[in-house]
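Below is one structure; the comments refer to it alone.
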Amino acid sequence: MRVGVLTGGGDCPGLNGVIRAVVRRAVSYGDGVIGFRDGWRGPIENDAHPLTLDDVRGILPRGGTILGSSRTNPFKRDDGVERIRSGLAAHSLDGLIAIGGEDTLGAAAKLNEAGVNVIGVPKTIDNDLGGTDMTFGFDTAVQTATEAIDRLHTTAESHKRILILEVMGRHAGWIALYSGIAGGADVILVPERPFDLDDICARLERRFALGRHFAIVVVAEGAKPKGGDVAALGGGVDEFGHARLGGVGQRLESEIQARTGYETRTTVLGHIQRGGTPTAFDRVLATRLGVAAMEAAHEGRWGMMSSLRATRIEMVPLSEAVAGLRTLSDEDLHVADSLLA
Ligand code: F6P
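Written out as structure tokens, the structure reads:
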């Protein structure tokens, strides 16, 4: 058997761990693996090369992806599906393992319906993909954001400032919630719950009244005020229709400073939380998901995605995984609510 593998969308720590696991499991079967470069651009333009054990040696601790990534959408081209079919045929592939988030796997599900053999592996630091309890990359991003909060704490206290940390999280506030809890933030703002500036400032004032003259606010880039819009940077949208988000921290900064009188500053964590070496947890999860995906490919179980369900790795239909995003529920937010009350 021969399979292709690609990584699409925003990169995240652990992608190389999946690629390595796919190649090593394939080799143990006697199967061959071809790596496509830059997400769906690879099979569309037939940009590919064989992946051997040598190619994946030493990549487990490396962030990013040795295959490169892009936000190429095959369905934005009239001949996208046909070109992918030809790309696979050119290398005599039985099918493809696509490692990606909502966009890459959304395209994978549609391709599978069109008769292209695909298996998905869920990735995103945002942790918002359906059909799995967790995605790799998230744990590393939370670790990085938590370290940032710890550092902000000491300087916030020295200068009696309110420091805002803007983290990623387009549709879901998983990174903000987990790093906010782990870092002991005073206010956590997420896309799932539009915020009210009066509430935020009242909470901060209560803290100051208790003699704590500094505070930490963590805000997800996709958080927005009640009745308002998300803060987007210019530059149009990508091939999947997403605008570049950013700026909610700055907006909060001026409002909070004007209302509380406390000096307020913003740090935007940005791509720092997407880069760097994966945590041990993400390396293990990436490896388990990669092994399961290759085993499913070997068995011809196309149209499925490897997923984490509680502590077990299971295969779920790709269609189920992309049916809806996994956002925060009130239950998920309960612990933070209780601590912040
Ligand atoms: O989907 C993951 C993500 O990190 C989002 O939280 C963020 O909006 C987006 O990627 C940013 O992508 P890019 O770096 O390509 O602009």
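The sequence shown begins at 3 in the numbering used here and counts up by one. Beta carbons are placed, not taken as given, at the ideal position from N, Cα and C, and that holds for glycine.
Identity of the residues DSSP links to residue i by a beta bridge
i, result
"Val7", "Gly37, Ile99"
"Gly122", "Ala100, Met307"
"Ile136", "The residue asked about is misnamed: residue 136 is Met in this sequence, not Ile. BP columns for Met136 are empty, so no partner."
"Thr156", "Bridge partners of Thr156: none, in fact."
"Pro52", "Ile36"
"Ile218", "Leu165"
"Val189", "Val219"
Span separating the alpha-carbon of residue i from that of residue j
i, j, result
"Ile151", "Asp81", "47 Å"
"Leu320", "Pro63", "28 Å"
"Gly326", "Ile218", "32 Å"
"Val25", "Pro76", "25 Å"
"Ile61", "Thr279", "10 Å"
"Thr74", "Gly41", "7 Å"
"Pro193", "Glu207", "23 Å"
"Gly97", "Met136", "25 Å"
"Ile101", "Pro124", "6 Å"
"Gly249", "Glu149", "21 Å"
"Leu55", "Gly175", "38 Å"
"Glu301", "Arg214", "60 Å"
"Lys162", "Pro52", "56 Å"
"Asn18", "Ser30", "18 Å"
"Arg311", "Glu297", "17 Å"
"Pro227", "Ser256", "14 Å"
"Ser181", "Glu84", "43 Å"
"Gly186", "Glu265", "20 Å"
"Ala338", "Gly171", "17 Å"
"Phe210", "Thr157", "17 Å"
Secondary structure of residue i, DSSP reduced to three states
i, result
"Glu194", "coil"
"Met317", "strand"
"Gly32", "coil"
"Ile177", "helix"
"Ala23", "helix"
"Leu167", "strand"
"Cys14", "coil"
"Asp80", "coil"
"Ile127", "coil"
"His93", "coil"
"Thr142", "helix"
"Thr67", "coil"
"Thr106", "helix"
"Thr279", "coil"
"Ala312", "coil"
"Ile151", "helix"
"Ser331", "coil"
"Leu212", "coil"
"Ala116", "coil"
"Asp200", "helix"
"Gly224", "coil"
"Ala288", "helix"
"Ile46", "helix"
"Ile61", "coil"
"Val293", "helix"
"Arg73", "coil"
"Gly182", "helix"
"Ala325", "coil"
"Arg172", "coil"
"Glu301", "coil"
Top-ranked residue by Cα proximity to residue i, from the options
i, options, result
"Arg290", "Arg22, Gly230, Arg261", "Arg22"
"Asp201", "Asp57, Ile258, Gly302", "Ile258"
"Gly263", "Val318, Glu301, Thr269, Cys203", "Cys203"
"Val20", "Ile99, Glu316, His215", "Ile99"
"Asp284", "Gly16, Gly11, Gly6", "Gly16"
"Gly11", "Gly277, Thr126, Leu206, Val220", "Thr126"
"Asp130", "Ser309, Lys112, Leu53", "Ser309"
"Arg153", "Leu271, Asn18, Glu333", "Leu271"
"Ser71", "His215, Gly37, Ser160", "Gly37"
"Arg87", "Thr54, Glu104, Ile46", "Ile46"
"Ile190", "Leu254, Ala323, Asp105, Thr67", "Leu254"
"Ile183", "Arg267, Gln145, Thr266, Leu199", "Gln145"
"Asp198", "Gly229, Arg209, Asp339, Asn114", "Gly229"
"His119", "Leu95, Leu247, Gly133", "Note that residue 119 is Asn in the sequence shown here, rather than His. Considering only alpha carbons, the answer is Leu95."
"Asp334", "Asn48, Ala109, Ala178, Ala110", "Ala178"
"Ala245", "Phe216, Ser256, Asp231", "Asp231"
"Gly139", "Ala225, Val318, Ala50, Ala282", "Ala282"
"Asn114", "Thr268, Gly171, Met307, Lys78", "Met307"
"Val220", "Leu167, Arg276, Val337", "Leu167"
"Ala233", "Phe242, Ala222, Glu241", "Ala222"
CB contact check: residue i to chain B, cutoff 8 Å
i, result
"Arg246", "Included in the structure is just one protein chain, with no chain B present."
Practice item. Ignoring anything shorter than 4 residues or poking outside the region 227–276, list the alpha helix (DSSP H) runs there in chain order. Key: Counting only runs of 4 or more, we get 250–262.
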